[in-house]
Amino acid sequence: MADTMIETSIVEKDNAARLANLKNDYENLGEKLARRGIAISDILQKVSAFAVAVPSWGVGTGGTRFARFPGGGEPRNIFDKIEDCAVIQQLTRATPTVSLHIPWDKADPRQLKQAASRFGLGFDAMNSNTFSDQLGQAHSYKFGSLTHADAAVRNQAVEHNLECIEIGKTLGSKALTIWVGDGSNFPGQVNFAKSFERYLDSAKAIYASLPADWRLFTEHKMYEPAFYSTVVQDWGTNYIIAKELGDKASCLVDLGHHAPNVNIEMIVSRLIQFGKLGGFHFNDSKYGDDDLDAGSVDPYRLFLVFNELVDAELNKAKGFNPAHMLDQSHNVTDPIESLMLSAIEVQRAYAAALLVDRKALTAYQESNDALMATQTLKVAYRTDVEPILAMARFNSGGAIDPVTAYRASGYRKMISEVRPTVAGGSGGIV
Ligand SMILES: [Mn+2]
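In structure tokens, the structure reads:
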């Protein structure tokens, strides 16, 4: 039995007070779904098997380029971060893996593995960082990394990615995610074609060192930190990269990395169709790469993304095996609470998408019944699937109401006493 950061008796006590109502709600929903020809147990089983990784950098308080307001009990190092991730998994049972960021989380890999195993946690994709300079680094990334005009800088950036793979091998990770901030702030500053050519050459060097059972995810982002042009700016460029590199390479879609109003669910569909959807960084946004909590601004869009994913799952789309990860910055909330609710929002979108009557939808599409087609999606979206999510958590030892159980545990107060407030720290908004 894995260790827990929160006393199990606290969770059991909170659950006991909620169980009778949950059973009623679950039964009522089961009856409603049965009338639609859906077995609630099938949905419960799929939701229980669904997992989303927590980014190590998400458990610290984020910030903006204006300021950062640290909260109490912030993690001082990766080992504190793993403890916070363990709390999220203990209460939600939806986040069994942690995604590390090198060098922020650099430590003896065997110690890292031990620290995570203690709580039954595993490791998701490794994330490299060539968008900021580290102390004592030979060459600066001020003017780029994998695309830099100077081969020595590019080599250093490639070497760093290879180091991430090496660390990941010990940890049992099976993927590397590359995101670079390379680009330009002025027209004429860089040659678009030459810098993309250099990107491809560098990425090929990394890809060549990828173990056979690993995957390489490349992440596009429209702008920021570069504000005039970005080398890997959109899904089209990302697709070209994945195509150029080979079968182990695919595209990572961060929901916040597109222009406002872009039809992200359609991008997801395209990448699935051509076997290049690697996975997601879930978050939400209103204006840009806001890194707000998943499902907090536009939960319908999250549902529409999952509508595409469920469609691919049911159709057994070739090579379909997307990685799910949260990538958010928590500036005004307790990061643990935000991450728990965000993981649940992602699960909720999945559960609701499983309820879409796909046979009816296809028939409406083929008879050009636009109104009923869209209503078919709405019927699924409007179904309150909370009893399924709560039952999945309860059955696997989690909390029926994670935030209430977390607050009742006094965890934040407890760690605030042992972890002094640190100044600065990495905001980690990627
Ligand atoms: Mn991201």
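Counting from 1, one number per residue, gives the positions in the sequence shown under our numbering. All C-beta atoms, glycine included, are put in the ideal place defined by N, C-alpha and C.
Touch test, the stretch 113 to 129 against the stretch 60 to 71, Cβ-Cβ under 8 Å, three pairs minimum = No, the stretch 113 to 129 does not touch the stretch 60 to 71.
inquiry  = Just verifying my parser: in three-state terms, what is the DSSP assignment at H220?
reply    = Counted from its first residue, the sequence shown places residue 220 at position 220. If DSSP states are grouped into helix, strand and coil, H220 belongs with coil.
inquiry  = For H160, report the span of its alpha helix (DSSP H) as first-last.
reply    = Taking the first residue of the sequence shown as 1, we reach residue 160 at position 160. If you look at H160, you'll find it in the alpha helix (DSSP H) that goes A151 to L171.
ask   = Would you report the Cα separation of Y350 and I88, rounded to the nearest angstrom?
value = Here residue 350 is taken as the residue at index 350 of the sequence shown, counted from 1. Here residue 88 is taken as the residue at index 88 of the sequence shown, counted from 1. Their Cα atoms are separated by approximately 19 Å.
request  = Whole angstroms is fine: what's the gap from A242's alpha carbon to Q134's?
outcome  = Numbered from 1 along the sequence shown, position 242 holds the residue referred to as residue 242. Numbered from 1 along the sequence shown, position 134 holds the residue referred to as residue 134. Rounded to the nearest angstrom, the two C-alpha atoms are 28 Å apart.
request  = Kindly list the residues whose CB is nearer than 8 Å to the CB of P75, restricted to its own chain and excluding five residues on each side of it in sequence; keep chain order.
outcome  = Taking the first residue of the sequence shown as 1, we reach residue 75 at position 75. Within the same chain, P75 has close Cβ partners V59, G60, K81, E83, D84 and R419.
query = Helix or strand or just coil, what does DSSP make of T92?
reply = In the sequence shown, counting from the first residue as 1, residue 92 sits at position 92. Note: T92 maps to helix in three-state DSSP.
query = Which residues share a DSSP beta bridge with P55?
reply = Working through the sequence shown from its first residue, we reach residue 55 at position 55. Among the bridge pairs identified by DSSP, P55 is matched with S99.
ask   = If we count the other Cβ atoms within 10 Å of its Cβ and call it buried at 16 or more, is P187 buried or exposed?
value = Along the sequence shown, read from residue 1 onward, the residue named residue 187 stands at position 187. Under this definition P187 is an exposed residue.
request  = State the CB to CB distance for the pair T177 and L252, rounded to an integer number of angstroms; the pair is presumed to be in contact (CB under 8 Å).
outcome  = On the sequence shown, residue 177 is found 177 positions in, with the first residue counted as 1. On the sequence shown, residue 252 is found 252 positions in, with the first residue counted as 1. Correct: roughly 6 Å between the Cβ atoms.
request  = Give the straight-line distance between the Cα atoms of D213 and F123, rounded to the nearest whole angstrom.
outcome  = As a working note, residue 213 is residue 213 in the sequence shown. As a working note, residue 123 is residue 123 in the sequence shown. The straight-line gap from Cα to Cα measures roughly 15 Å.
ask   = Are there three or more Cβ pairs, one per stretch, closer than 8 Å when the stretch 198 to 210 is compared with the stretch 256 to 273?
value = The stretch 198 to 210 makes no contact with the stretch 256 to 273: fewer than 3 CB pairs, one atom from each, lie closer than 8 Å.
task = Within 10 angstroms of the Cβ of V305, are there 16 or more other Cβ atoms? Answer buried if so, exposed if not.
result = The sequence position of residue 305 within the sequence shown is 305, counting from 1. Its Cβ being crowded by 16 or more others within 10 Å, V305 is buried.
key: For L216 and L162, the rounded distance between their alpha carbons   = For the purposes of this step, residue 162 is identified with residue 162 of the sequence shown, where counting begins at 1. For the purposes of this step, residue 216 is identified with residue 216 of the sequence shown, where counting begins at 1. Per the coordinates, the alpha-carbon of L162 lies some 12 Å from the alpha-carbon of L216.
key: Residue range of the beta strand (DSSP E) that includes G236   = Along the sequence shown, one-based indexing puts residue 236 at 236. Per DSSP, G236 belongs to no beta strand (DSSP E); it is in the alpha helix (DSSP H), W235 to L245.
task = Output the distance between the C-alpha atoms of S396 and A49, rounded to the nearest integer angstrom.
result = As a position in the sequence shown, residue 396 is number 396, starting the count at 1. As a position in the sequence shown, residue 49 is number 49, starting the count at 1. Taking C-alpha positions only, S396 is separated from A49 by approximately 10 Å.
query = In terms of alpha-carbon separation, which member of Q90, K46, K359 and K174 lies closest to P211?
reply = For the purposes of this step, residue 211 is taken as the residue at position 211 of the sequence shown. A check of alpha carbon separations from P211 across Q90, K46, K359 and K174 identifies K174 as the nearest.
ask   = Under the criterion of a Cβ to heavy atom distance below 7 Å, does W235 qualify as lining ligand 1?
value = Counting from one through the sequence shown, the residue named residue 235 turns up at place 235. No - ligand 1 has no heavy atom lying nearer than 7 Å to the Cβ of W235.
ask   = Among S329, G319 and G62, which one has its Cα closest to the Cα of S342?
value = As a first step, residue 342 is located in the sequence shown; it is residue number 342 there, counting from the start. Residue S329 is the option with its Cα nearest to S342.
inquiry  = Does I178 come out as helix, strand or coil in the three-state DSSP assignment?
reply    = In the sequence shown, counting from the first residue as 1, residue 178 sits at position 178. It is a strand residue.
inquiry  = On the criterion of 16 or more Cβ atoms from any shown chain inside 10 Å, does I264 qualify as buried, or is it exposed?
reply    = By 1-based counting over the sequence shown, the position of residue 264 is 264. Counting Cβ neighbours within 10 Å, I264 comes out buried, since at least 16 surround it.
key: Spatial neighbours of L171 in its chain, beta-carbon cut-off 7 Å, leaving aside the 5 residues before and after   = The count along the sequence shown starts at 1 and reaches residue 171 at position 171. Closer than 7 Å at Cβ, skipping near neighbours: P109, L112, K113 and F123.
Span of the alpha helix (DSSP H) around S342 = For the purposes of this step, residue 342 is taken as the residue at position 342 of the sequence shown. First-last of the alpha helix (DSSP H) with S342: P335 to L354.
ask   = With respect to the alpha helix (DSSP H) encompassing L112, which residues constitute its N-terminal and C-terminal limits?
value = Here residue 112 is taken as the residue at index 112 of the sequence shown, counted from 1. Where L112 is concerned, the enclosing alpha helix (DSSP H) stretches over P109 to S117.
ask   = Using DSSP with H/G/I as helix, E/B as strand and the rest coil, what is T230?
value = Mapped onto the sequence shown, residue 230 falls at position 230. Looking at T230 - three-state DSSP - the assignment turns out to be strand.
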